[in-house]
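Novice: Okay, here's the structure, questions in a sec.
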Amino acid sequence: MADTAYVVLILAGFVACSLVLRALRSDGESR
Numbered sequence: 035m036a037d038t039a040y041v042v043l044i045l046a047g048f049v050a051c052s053l054v055l056r057a058l059r060s061d062g063e064s065r
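Under my numbering, residues 35 to 65 are what the sequence shown spells out, in order.
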């Protein structure tokens, strides 16, 4: 169970970082 929890946390963090980077990138391009 612990391994699964770690995998979920890592995936969630990766997705969050991707969304933040894409949002910042889009804001920079729009401006």
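Where is the CB? At the ideal position from N, CA and C, for every residue including glycine.
Given this structure, state the Cα-to-Cα distance separating methionine 35 from aspartate 61, to the nearest angstrom.
Specialist: Here residue 35 corresponds to residue number 1 of the sequence shown, with the count starting at 1. Here residue 61 corresponds to residue number 27 of the sequence shown, with the count starting at 1. Approximately 39 Å between the Cα atoms of the pair.
Novice: Can you give me the Cβ contacts of threonine 38 inside the same chain, cut-off strictly under 7 Å, excluding the 5 residues immediately before and after it?
Specialist: The count along the sequence shown starts at 1 and reaches residue 38 at position 4. Answer for threonine 38: no residue qualifies.
Novice: Between the C-alpha atoms of aspartate 55 and phenylalanine 48, what's the straight-line distance to the nearest angstrom?
Specialist: As a position in the sequence shown, residue 55 is number 21, starting the count at 1. As a position in the sequence shown, residue 48 is number 14, starting the count at 1. As written in the sequence, residue 55 is leucine, which differs from the aspartate given in the question. Their Cα atoms are separated by approximately 11 Å.
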